[in-house]
Amino acid sequence: MLRLATALAALMLIAAPAWAQQPAPAKPTVILVHGAFAESAGWNGVISRLRAKGYPVIAAAVPLRSLKGDAAYVGALVSAEPGPVVLVGHSYGGEVISVAGAGHPNVKALVFVDGLAPEVGESAASLGARFPTATLAQALAPPVVLPDGSADIYISPAKYHDQFAADVPTAEAALMAATQRPIVKSALEEPAAALSWRSVPSWFVWGSRDLNIPPALHAFMAKRAHAREAVEVPGGSHVVMISHPDLVAAMIERAAQPGQ
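Right under this line is the structure:
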């Protein structure tokens, strides 16, 4: 009886179609890139949801010293991955992923979360000047002058909640204000030297009450990039990955699907 069962099992294996014998393809690695006035832990809600679905995730700790340098850092992470990668950028991190994705054929998708997608020659500052309705400048603390003469900028802790994270609980926003990573002012003025959103499929999501980057600018960039999806979250602030992690994680999953 045992021999018969073994023989039947072997026969079923031989008769099974070839596709049924192939291992499931590995899921792409998701690299999450924070922006200015934030840090990598801001992705925690999205990370937990992606990991539960089996996605490898890296939340990069971006230096925020220069667009060129930040993009080179993220590009090195991409180069270290043997398989496909989905790049996800928040705010200034959108600029970083767009530049970093250029020249990396394993980048299969870009997801901009309240993120900037500049054309070559554009900067965060120049895009903001074209859509001058944000209130970030009024919310900044006095700059911290560094030994080399450059200046770090922060959002004033007293204004952080209303400016940056109005749809996040007050206590959580207070922690975010205390742990915010500053950016060198010149990085926001540095023009993008490359881009990848013209050749790599893109997805955009932003809050309708984003006070750092105007919703009209988000819509303009998404249309210009011929985004696969462009979603405006009603009442969402500049940090929809924190206030709406389910929605953002689901978009990243869609971007990661084969054939996109």
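Numbering (mature numbering (1 follows the signal peptide of the UniProt record, and there is no 0)), first residue to last: -20 to -1, 1 to 240.
For each residue, glycine too, the CB sits at the ideal point set by N, CA and C.
Residue j beta carbon less than 9 Å from that of residue i
i, j, result
"P112", "A104", "no"
"P195", "E170", "no"
"V76", "G69", "yes"
"A26", "M221", "According to the sequence as given, residue 26 is Val; it is not Ala. Yes. Within cutoff."
"I11", "V66", "yes"
"S71", "H14", "yes"
"V164", "A131", "yes"
"G215", "D147", "yes"
"A109", "D142", "no"
"R208", "A235", "yes"
"A51", "V79", "yes"
"W183", "I232", "yes"
"K88", "P64", "yes"
"A21", "A6", "no"
Endpoints, the alpha helix (DSSP H) within which residue i is located
i, result
"I77", "72 to 80"
"I222", "220 to 223"
"S136", "Premise fails: S136 is in no alpha helix (DSSP H) and is neither H nor E."
"L120", "Counting along the chain, L120 falls outside any alpha helix (DSSP H), and DSSP gives it neither H nor E."
"V54", "47 to 60"
"A157", "150 to 159"
DSSP-derived helix/strand/coil call for residue i
i, result
"K7", "coil"
"K165", "helix"
"S188", "coil"
"P36", "coil"
"L175", "coil"
"A202", "helix"
"A210", "strand"
"G69", "strand"
"P238", "coil"
"T(-15)", "With a pLDDT of 42 at T(-15), under the threshold of 50, the modelled position of this residue cannot be trusted, and the question is left open."
"V125", "strand"
"S106", "helix"
"S217", "coil"
"D147", "coil"
"Q1", "With a pLDDT of only 43 at Q1, under the threshold of 50, the placement of this residue in the model should not be trusted; the figure read from the coordinates follows. Here Q1 sits in helix by DSSP."
"L197", "helix"
"L96", "coil"
"A229", "helix"
"G83", "coil"
"A18", "coil"
"G25", "helix"
Range covered by the beta strand (DSSP E) that runs through residue i
i, result
"I133", "131 to 133"
"A114", "First-last for A114: undefined, no H or E at that position."
"F92", "87 to 93"
Strand pairing of residue i, partner residues [DSSP]
i, result
"V13", "A40, G69"
"S182", "L90"
Check: residue i C-beta below 8 Å from any heavy atom of the ligand GTP
i, result
"A52", "This structure simply doesn't include the ligand GTP, nor any ligand for that matter."
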